[in-house]
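Working notes, beginning with the structure itself.
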Amino acid sequence: MTNSPFRDLLEEVKFAGENGFNGFEIVFEYPFSTPEQILTKKKQLLDTFSTYNLERLAHTPTFVDICNFYDGLREASVQETIKAINAAHELEVRLLTVHPGFRFPLLPKEKAYQNTVQSLSKLLKKAEDYDMILGVENLPSGFFPSSDHFTRVKEFEDLFNQLASDRLSFILDISHAYLRGSDPPQEFINKLYNRVAHIHVSDNLGERDDHLPLGVGRTNYRASLEELGKKGYNKTITLEVFTMDRDYLILSKDKVKKIFET
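Taking the working numbering, the leading residue of the sequence shown gets 624, the next gets one more, and so forth.
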């Protein structure tokens, strides 16, 4: 599971440990989970992760924009991401999810792609310093305020060819790939499976990234997870289910476990 930035992170980690989750993905996000805020609880967090033997992962800030067409804003986004990488290192995290940025309609697609490559090359240098892996996540098409940026397999194939680093991997968000304008999840799995380091899953109604409990929306998440199981996938999966009632999160966890146990 992952944390809501509106809840206390320490309590979120305890919830995961007490409810049968095997890992936890720390989201560095405003308003209550910025890198600076999280590091004030470093010792308690490390102790809690150890108590529950939770595998730890992290997600760099969602709404920074490492492909922005303004050089200053793009560099500021890189620096904010580096803050998250530094904090993740302090918390003994080795795998971080990174968004490739948001392509505004004014920004040509090729320029957005090259801006992302340029920013990732800087971030990879920091990852190498810490012996970390950065995973680039496929975005949902139409994710505010961008469109068709890293929603297709070919973009990732080009990225991995251009940045030939063993510190760079792929984070497959299954629900993103079910939205219109994206290549389907099965294509990502078939063509990029060897680069997959981690999975995100939730459900949606087909129009936007709703982050619903599994089974509530219209995605065929089961088929995608079963395909991963057939390929022998044994790495981590984060449930990005955002509900006030956490029973739905636990139910979603049980659904995933059942798929991989059969």
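Backbone N, C-alpha and C fix where the C-beta goes; we use that ideal spot for every residue, glycine too. Computed from a predicted structure; not experimentally measured.
- Residues of the same chain with a CB within less than 6 Å of the CB of D832, apart from the 5 flanking positions on each side, are P763 in chain order.
- Counting only residues of its own chain and dropping the five nearest sequence neighbours on each side, D806 has a CB closer than 6 Å to the CB of R775 and V776.
- Shown here, E715 sits in coil according to DSSP, grouped into three states, outside any helix or strand.
- Per DSSP, D796 lies in no alpha helix (DSSP H) segment; the continuous beta strand (DSSP E) that holds it begins and ends at L791 to D796.
- In this structure the stretch 660-680 touches the stretch 629-637; the number of beta carbon pairs closer than 8 Å is three or more.
- Around the beta carbon of P654, fewer than 16 other beta carbons lie within 10 angstroms, which makes this residue exposed.
- In the structure shown, the three-state DSSP call for V687 is coil.
- G758 counts as buried, since at least 16 other C-beta atoms from the protein chains shown sit within 10 angstroms of its C-beta.
- Per DSSP, F783 is one residue of the alpha helix (DSSP H) stretching across V776 to Q785.
- Counting the other Cβ atoms within 10 Å of the Cβ of K876 gives 16 or more, which makes it buried.
- Around the CB of P728, fewer than 16 other CB atoms lie within 10 Å, so the residue is classed as exposed.
- In this structure, S700 sits away from N709, with a CB-CB distance that is not shorter than 8 Å.
- Between L828 and the set E850, E849, H799 and I794, the nearest pair of CA atoms involves H799.
- Within a 10 Å sphere around the beta-carbon of T885 sit fewer than 16 other beta-carbons, which makes this residue exposed.
- Per DSSP, the beta bridge partners of R679 are F647.
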